[in-house]
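Per my numbering: the sequence shown = residues 5 to 195.
Don't be surprised by glycine CBs; every beta carbon is placed ideally from N, CA and C.
Everything numeric in this text was worked out from a predicted model, so none of it was measured.
Reviewing the structure listed below.
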Amino acid sequence: MLNLSSLRSFEAGLNHLQGNLPPDLGISLPNLEFFSIHSNQFTGSIPVSISNLSKLEFLQLNQNKLTGKMPSLEKLHRLLSMTVASNNLGSGEANDLSFLSSLANATNLKELIITQNNFQGQLPPQISNLSITLKIMGLDSNLLSGSIPDGIENLISLEDFEVQNNHLSETSFLEPIALQENDVPSSVYAS
């Protein structure tokens with residue numbers, strides 16, 4: 005078997021690849037900086053070992069058939085962009101979004117897109133502790149409920165915040181942009 009431990013970039017998007025991701029992915033490829041398998045047919049869960057990829061900057065797992073809970077990402081300090089949209093991630097439990105808190109160490113994070121999954125529950129208050137460099141946060145088309153936590157205004161670089169097609173309420177401090185299909189009271193839009 006080849007020793008790929010020095011591999012820095014792996015891109016296999018837009019193929020018809022299928023199967024499960026190897027459980028030792030984060031151990032056998034410790035130097036990965038770019039990992040993209042978008043637009044394939046991968047199934048199963050995201051391996052817990054992915055949290056060992058401390059050099060990872062770009063993670064693109066979108067448009068697959070991945071399921072289960074997101075592992076902790078607290079060791080991914082260098083992460084700039086994470087896209088796991090259009091999968092079946094989430095367990096339907098109230099703590100589905102606990103992994104977001106583990107991204108507080110990714111101080112240069114610019115893009116976080118978890119749209120079109122099955123994430124359920126409330127946004128954790130710790131999302132206001134995400135990187136101040138965060139420009140894009142896509143949370144739309146999930147099963148999110150409750151309100152958007154106080155402190156979201158701390159994300160001073162945020163340009164695109166998409167939460168439509170959820171069950172969120174109490175978003176009165178936000179401009180009515182990309183809030184469609186939520187349970188926002190009509191009084192929010194009154195002058």
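(1) Cutting at 7 angstroms between CB atoms, please list the residues of its own chain near Ser13, excluding the five before and the five after it.
(2) Do Ile41 and Leu65 have their beta-carbon atoms positioned less than 9 angstroms apart in this structure?
(3) To the nearest angstrom, report how far apart Leu138 and Gly155 are at their CA atoms.
(4) Could you tell me the alpha carbon to alpha carbon distance between Phe165 and Asp144, rounded to whole angstroms?
(5) Looking at the structure shown, is Ser173 part of a helix, part of a strand, or coil, going by DSSP?
(6) What is the C-beta distance between Asn7 and Leu21, in whole angstroms, given that I count them as a contact (C-beta under 8 angstroms)?
(7) Going by DSSP, what residue range makes up the alpha helix (DSSP H) through Ser32?
(8) Any idea what DSSP makes of Asn133, helix, strand or coil?
(9) Need the endpoints of the beta strand (DSSP E) that Phe165 sits in, please.
(10) Apart from the five residues just before and just after Pro128, which ones in its own chain have a Cβ nearer than 8 angstroms to its Cβ?
(11) Hey, how far is the Cα of Ser76 from the Cα of Thr119?
(12) Distance check for Ile54 and Asn92, CA to CA, integer angstroms please.
(13) Alpha carbon to alpha carbon, how far is Met141 from Glu157? Give it in angstroms, no decimals.
(14) Identify, in the order they occur along the chain, each residue of the same chain with its Cβ nearer than 6 angstroms to the Cβ of Leu18, setting aside the five sequence neighbours on each side.
(15) Is the beta carbon of Asn146 sitting closer than 9 angstroms to the one on Asn169?
(16) Which residue's Cα is closest to the Cα of Ile172: Asp28, Ser161, Leu148 and Leu57?
Answer, in terms of the structure:
(1) Taking the first residue of the sequence shown as 1, we reach residue 13 at position 9. So the qualifying residues of the chain are Glu37 and Phe38.
(2) Taking the sequence shown and counting its residues from 1, one reaches residue 65 at position 61. Taking the sequence shown and counting its residues from 1, one reaches residue 41 at position 37. Contact: yes.
(3) On the sequence shown, residue 138 is found 134 positions in, with the first residue counted as 1. On the sequence shown, residue 155 is found 151 positions in, with the first residue counted as 1. Straight-line Cα distance between these residues: approximately 14 angstroms.
(4) Counted from its first residue, the sequence shown places residue 165 at position 161. Counted from its first residue, the sequence shown places residue 144 at position 140. Near 9 angstroms, if we compare the C-alpha coordinates of Asp144 and Phe165.
(5) The sequence position of residue 173 within the sequence shown is 169, counting from 1. DSSP places Ser173 in strand when its eight states are reduced to three.
(6) For this step, residue 7 is matched to residue 3 along the sequence shown. For this step, residue 21 is matched to residue 17 along the sequence shown. Not a contact, Cβ separation roughly 22 angstroms.
(7) The residue given as residue 32 occupies position 28 in the sequence shown. Residues Leu29 to Ser32.
(8) For this step, residue 133 is matched to residue 129 along the sequence shown. Correct three-state label for Asn133: helix.
(9) The sequence position of residue 165 within the sequence shown is 161, counting from 1. From DSSP, the beta strand (DSSP E) with Phe165 extends over Asp164 to Glu166.
(10) The residue given as residue 128 occupies position 124 in the sequence shown. Here the set comprises Leu101, Ser102, Leu104, Ser105 and Pro153.
(11) One-based indexing of the sequence shown puts residue 76 at position 72. One-based indexing of the sequence shown puts residue 119 at position 115. When rounded, the distance between both Cα atoms is 18 angstroms.
(12) As a first step, residue 92 must be located in the sequence shown, where it is residue number 88. As a first step, residue 54 must be located in the sequence shown, where it is residue number 50. C-alpha separation (whole angstroms): 18 angstroms.
(13) Against the sequence shown, residue 157 aligns to sequence position 153. Against the sequence shown, residue 141 aligns to sequence position 137. If you take the alpha carbons of Glu157 and Met141, they lie about 13 angstroms apart.
(14) Taking the first residue of the sequence shown as position 1, residue 18 is located at position 14. These residues qualify, in order along the chain: Ser43.
(15) Taking the first residue of the sequence shown as 1, we reach residue 146 at position 142. Taking the first residue of the sequence shown as 1, we reach residue 169 at position 165. Yes, these two residues count as a Cβ contact at 9 angstroms.
(16) Your numbering for residue 172 matches position 168 in the sequence shown. First, the amino acid is wrong: residue 172 is Leu here, not Ile. Ranking the options by Cα distance to Leu172, first place goes to Leu148.
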